[in-house]
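>
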DNA sequence: GTAGGGTTAG
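In this note's numbering, the protein residues as written are 47 to 481.
1. Comparing alpha-carbon positions, which option in 293, 453, 239 and 331 lies nearest residue 263?
2. Since I believe residue 159 is in contact with residue 467 (beta carbons under 8 Å), could you give me their beta-carbon distance rounded to a whole number of angstroms?
3. Once DSSP output is grouped into helix, strand and coil, what is the label at residue 443?
4. Should residue 456 be labelled buried (16 or more other beta-carbon atoms within 10 Å of its own) or exposed?
5. What does the alpha-carbon distance come out to for the pair residue 182 and residue 164?
6. CB-CB under 6 Å to residue 93, same chain, minus the five flanking residues each way: which ones, in chain order?
7. Hey, how far is the Cα of residue 58 from the Cα of residue 99?
8. Taking the Cβ atom as the reference point for each residue, do residue 250 and residue 209 lie within a distance shorter than 8 Å?
9. Quick one, which of 126, 326 and 78 has its alpha-carbon nearest residue 105's?
10. Is residue 33 buried or exposed, if buried means 16 or more other CB atoms sit within 10 Å of its CB?
11. Give, in chain order, every unbroken run of the alpha helix (DSSP H) that is at least 4 residues long and sits entirely within the stretch 311-385.
12. To the nearest angstrom, report how far apart residue 365 and residue 436 are at their CA atoms.
13. Just the C-alpha distance for residue 469 and residue 161, rounded to the nearest angstrom, thanks.
14. Looking at the unbroken alpha helix (DSSP H) that takes in residue 231, where does it start and where does it end?
15. Please work out which residues of its chain come closer than 6 Å, Cβ to Cβ, to residue 190, disregarding the five sequence neighbours upstream and downstream, and give them in chain order.
16. In the DSSP output, what is residue 434 paired with across the bridge?
17. So, does the stretch 348-365 touch the stretch 415-430, judging by three or more C-beta pairs under 8 Å?
18. Name the two residues that bound the continuous beta strand (DSSP E) containing residue 466.
19. Where does residue 475 sit, in a helix, a strand or coil, going by DSSP?
20. Quick check on DSSP: helix, strand or coil for residue 85?
21. Assign residue 192 to one of two classes, buried (16 or more other C-beta atoms within 10 Å of its C-beta) or exposed (fewer than that).
22. Pick out the complete alpha helix (DSSP H) segments inside the stretch 249-309, 4 residues or longer, and give them in chain order.
23. Is there contact here, the stretch 213-228 with the stretch 254-262, by at least three beta-carbon pairs under 8 Å?
24. Exposed or buried, residue 185, counting other C-beta atoms within 10 Å across all chains shown (16 or more means buried)?
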């Protein structure tokens, strides 16, 4: 809708003959991109008689804003007129010294699963500012290294760098994911008493998550209800997740009802409640939730896992048989199963949600992350870590199998679930099973 | 006229 005003101004610009001005043209590209009209932005860009750095940047930023990441990269390589730029080239050009670039690189490495590289970039950055510090703090947070988060945060304060809103989100999240309830509250309180920061919905969500994850559901609920601002979906979402983790169906149902009103199109809430009913053997109610999903036109995003091998990305869905090496993959899966069973492993069939009893255990073995693991064991050279990413949270059974596999095959396995990393080494996970 | 870091949930 807003673009209507922009179009009117665009018309006026044309009438007065300013459409070929490079400043005006770039601003129009930017305007269309920000109105989520990327095609119009592209047309504008194509029609510009000349373009400069800002025009190109406006296009790239526009792609990012519209979540067209691949196109952003393609466009960028077009600017350079060469193939993809590598981190090595960034260092050579000297751009690595730029704090914008280096903080982005910290984030990039962390999100690609390499915390050590992220740390190296941070150490090499000359004048880290609040964004650089927050980038490395978040990186450690996403990798479950809460000790480092706290250490870095304290170092940052000693260096005289003032934390901001986002820094505290990461610190609080680190506390919640490692059961540091008291410390979490201390940091939360320090926002107002020390740092002059007003907590926002994200901070409140972290605090509800902190209490909820620790199993203190009633306190979490009371906290959510006492928030001075109107609690948003993320606050109730955190509480619903805690109800699922700790099996509180009654509270879960109340919270889910709230969420269905606030965000009826979010499939996650339906799935959580449905799973809770199923796990409690209340299949009729579970079906009712599924029906509600259908009525509201909501569809569950299918779970999938992917793994990079030699510059190629392989994607697996549950029960996937589309890969050319499917036979070997399923054989490897069988092998993992036999070896794991020799340990004290017992299939956690409560995580097999939609299956008839006798198929439950077998079905667990075809979760997408296990398929990716089997493929990784077949293809990733010994000694190199197996890196898997998954778009959804994993189930308890997969988490257990990853631990066993790391020990049995003597492999480091790094798995990202949504946006947090678990590192499995010698039969243990970096999250120490608190997740 | 453009540009870096973030939470919960399947």
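Ideal Cβ positions, reconstructed from N, Cα and C, are used throughout, including at glycine.
Based on what the coordinates show:
1. Closest option to residue 263, judged by alpha-carbon separation, among 293, 453, 239 and 331: 293.
2. 6 Å
3. helix
4. exposed
5. 7 Å
6. none
7. When rounded, the distance between both Cα atoms is 25 Å.
8. no
9. Residue nearest to residue 105 within the set 126, 326 and 78 is 78 (criterion: CA-CA distance).
10. Past the boundaries of the shown model lies residue 33; the chain is included only from 47 to 481, so the question cannot be answered.
11. 313-325 and 329-341
12. 15 Å
13. 11 Å
14. The continuous alpha helix (DSSP H) containing residue 231 extends over residues 227-239.
15. 476 and 477
16. Partner(s): 353 and 461.
17. Contact between the stretch 348-365 and the stretch 415-430 is present, because at least three Cβ pairs lie under 8 Å.
18. 466-471
19. strand
20. helix
21. buried
22. Taken in chain order, the complete alpha helix (DSSP H) segments of 4 or more residues contained in the stretch 249-309 are 263-271, 279-291 and 295-308.
23. yes
24. buried
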